[in-house]
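Peer 1:
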Amino acid sequence: MSEMKPLDGKVMLVTGAGGGIGRAIAMEAAKAGAAVVVNDIGASLDGQRSSSAAAQDTVAEITRAGGRAVANGDDVTDPAGAQAMVRQATDAFGRLDVVVNNAGILRDSFFHKMTYENFDAVVKVHLYGTFNVSRAAADVMRDQGSGSLIHMTSTSGLIGNLAQANYSAAKLGITALSKSLALDLQRWNIRSNCIAPFAWSRMTSSIKVDSPEQEERVNRMKEMSPEKIAPVALYLASDAGADTTGQVFAVRNNEIFLISQPRPVRSVQRSEGWSLDSVASHAIPALRASYVPLDVSADVFCWDPV
Numbered sequence: 001m002s003e004m005k006p007l008d009g010k011v012m013l014v015t016g017a018g019g020g021i022g023r024a025i026a027m028e029a030a031k032a033g034a035a036v037v038v039n040d041i042g043a044s045l046d047g048q049r050s051s052s053a054a055a056q057d058t059v060a061e062i063t064r065a066g067g068r069a070v071a072n073g074d075d076v077t078d079p080a081g082a083q084a085m086v087r088q089a090t091d092a093f094g095r096l097d098v099v100v101n102n103a104g105i106l107r108d109s110f111f112h113k114m115t116y117e118n119f120d121a122v123v124k125v126h127l128y129g130t131f132n133v134s135r136a137a138a139d140v141m142r143d144q145g146s147g148s149l150i151h152m153t154s155t156s157g158l159i160g161n162l163a164q165a166n167y168s169a170a171k172l173g174i175t176a177l178s179k180s181l182a183l184d185l186q187r188w189n190i191r192s193n194c195i196a197p198f199a200w201s202r203m204t205s206s207i208k209v210d211s212p213e214q215e216e217r218v219n220r221m222k223e224m225s226p227e228k229i230a231p232v233a234l235y236l237a238s239d240a241g242a243d244t245t246g247q248v249f250a251v252r253n254n255e256i257f258l259i260s261q262p263r264p265v266r267s268v269q270r271s272e273g274w275s276l277d278s279v280a281s282h283a284i285p286a287l288r289a290s291y292v293p294l295d296v297s298a299d300v301f302c303w304d305p306v
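Here UniProt numbering is used: the first residue of the sequence shown is 1, the next is one more, and so on.
Now the structure itself:
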C-alpha cells in the first residue's frame, strides 16, 4: 500500500497557475496528493489575453510527474467564469476543498498618471477575481461542510509602495475580504487566510533596474523562488491547518511572518468633548508619537532575505 500524502483526497483550484507562484503551488500540491484545477487565461503581465497554453503546460508537467490535474482557461473577472472553473473541479474530481486566489496583473504608474482603466483592470482581477472565485466555491464548500480559501495579498497593500495605488488598494481589500469570509463561513468549517509572498516571478520581473543598489536588490530577490511560497499554502490547504483562519502571513525566502491587523495603538479622551483647538493642542501631540511613518515595504523589510 502506498504511503499517504498530506493532501490525498483534496481537490484544489489555483488561479493564475500558468507560471510563477500559482504554478509552484499547483505543482507542489499535486506532489502532496491533491488533484488540481490549473486556471490561467494565458494573459500577458498587464492582462492582455493571449492563450491558455500556460495552464496546459502546468497540467502536462503535473501529469508527467504522476499527479492529477486539469486545465481551465476561464476569466476570474467574470462571475460566470468563476462558476465554470468551480464546476470543472466538481465535474472532474467530485469536490472542491481548496481555492488559491493567485491570479493577478500589474499596471503600475504614479497616481497622478493613473488612468481609470488601469485602476479598474487591476481591481477587477485581484479583488473582484478573489470575490468571484471564493463566492462560487463557497456554495460547494458549504454543502461539503469544509474548505480552505487562500488569497494572495501583498506588502504593497499591507504597508505601502510607490506607483501602485491600484494594486495596493486591491491587495489590502483582499485582506479585509478574507477576514469577512473567515467570519461569515466559519459555521461551515470553511477557513480563509492570506499570504503576502515575496518571490521572483513574472510579476516582479517588471521592476525597473536603474541603479547599482536596485540591481543588487533585484539579484537578492531572484533567490526567492516561487517554490518557497508553497509550504505555507500547502499547510493552509491541509487538515493540519484546520484551526488557522482569518490570518495574514508573509513569506520571504526562508522567513515566515505573521502580519498584524489594524488595532488601536493609542487613545486620548476629554470629558467635555473636542474642539479643533483641543484636537490640535492636546489630541495630536499625545498621538503623534505613535504615527505610522510614510514608509514602503522595503523600509519595513529592510534586511536581506535569509
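All C-beta atoms, glycine included, are put in the ideal place defined by N, C-alpha and C.
1. Give the range of the alpha helix (DSSP H) segment to which Arg-23 is assigned.
2. Does Tyr-116 pass the burial test, meaning 16 or more other C-beta atoms within 10 Å, or should it be called exposed?
3. So, for Gln-77: in the same chain, excluding its five sequence neighbours on each side, which residues have a beta-carbon less than 8 Å away from its beta-carbon?
4. Excluding five sequence neighbours on each side, which residues of the same chain lie with their C-beta closer than 6 Å to the C-beta of Gly-81?
5. Output yes or no for whether 8 Å exceeds the beta carbon distance between Arg-266 and Met-224.
6. Relative to the C-alpha of Val-14, which residue among Ile-25, Asp-8, Lys-5, His-112 is closest?
7. Quick one: grab the DSSP three-state call for Phe-93.
8. If I'm right that Ala-182 touches Gly-246 with Cβ under 8 Å, what's the distance once you round it to whole angstroms?
9. Got a sec, what are the start and stop residues for the alpha helix (DSSP H) Gly-173 sits in?
10. So, at 8 Å on beta carbons, what are the nonlocal neighbours of Ala-289 in its own chain, with the 5 sequence-adjacent residues on each side left out?
11. Decide yes or no for the touch test of the stretch 136-155 against the stretch 187-199: beta carbon pairs closer than 8 Å, at least 3 of them.
12. Go ahead and pull the three-state DSSP assignment for Ser-290.
13. Mind checking Arg-263: buried by the 16 CB within 10 Å criterion, or exposed?
14. Do the stretch 224-240 and the stretch 22-39 touch if we need at least three Cβ pairs shorter than 8 Å?
15. Just the C-alpha distance for Thr-244 and Ala-60, rounded to the nearest angstrom, thanks.
16. Tell me whether Leu-158 sits in a helix, a strand or coil according to DSSP, three-state version.
17. Just the Cα atoms here: how many angstroms apart are Glu-28 and Asn-161?
18. Can you list, in chain order, the residues of its chain whose CB lies under 7 Å from that of Ser-156, leaving out five sequence neighbours each side?
19. Am I right that Ala-65 and Asn-39 are in contact with their C-beta atoms under 8 Å? What's the rounded C-beta distance?
20. Closer than 7 Å by C-beta to Trp-274: which residues in its own chain qualify, once you throw out the five before and the five after it? Chain order, please.
21. Need the endpoints of the beta strand (DSSP E) that Arg-191 sits in, please.
22. I need the DSSP call for Asn-102, collapsed to helix, strand or coil.
23. In the structure shown, what three-state DSSP assignment does Arg-252 receive?
24. Going along the chain, which residues of its own chain have a beta-carbon closer than 6 Å to the beta-carbon of Gly-67, five neighbours each way excluded?
25. Return the bridge partner residues of Glu-151 from the DSSP annotation.
26. Taking 8 Å as the limit between beta carbons, can you name the residues of its chain near Arg-135, skipping five residues before and five after?
27. Could you check if Val-86 is buried or exposed, using at least 16 other CB atoms within 10 Å of its CB as the buried criterion?
28. Hey, could you find the ends of the beta strand (DSSP E) Leu-13 is sitting in?
29. Just mark Ser-178 as buried or exposed, buried being the case when its beta carbon has 16 or more other beta carbons within 10 Å.
30. If I measure Cβ to Cβ from Phe-111 and keep anything under 6 Å in the same chain, skipping five residues before and after, which residues do I get?
31. Three-state secondary structure (DSSP) at Ser-109?
Peer 2: Once the coordinates are examined:
1. 20-31
2. exposed
3. A small fix is needed here, since residue 77 is Thr in this sequence, not Gln. Excluding residues within five positions, the ones whose Cβ falls inside 8 Å are Lys-124, Val-125, Tyr-128, Gly-129, Asn-132.
4. Asp-74, Asp-75
5. no
6. Ile-25
7. helix
8. 4 Å
9. 165-185
10. Arg-266
11. yes
12. helix
13. exposed
14. yes
15. 32 Å
16. helix
17. 30 Å
18. Gln-164, Tyr-167, Ser-168, Lys-171, Ser-297
19. That belief does not hold up - the Cβ atoms of Ala-65 and Asn-39 are roughly 19 Å apart, past 8 Å.
20. Ala-283
21. 190-198
22. coil
23. strand
24. Ala-30
25. For the record, residue 151 in the displayed sequence is His; it is not Glu. Note: His-151 sits in a beta bridge opposite Asn-101, Cys-194.
26. Pro-79, Ala-82
27. buried
28. 11-14
29. buried
30. Ala-165
31. strand
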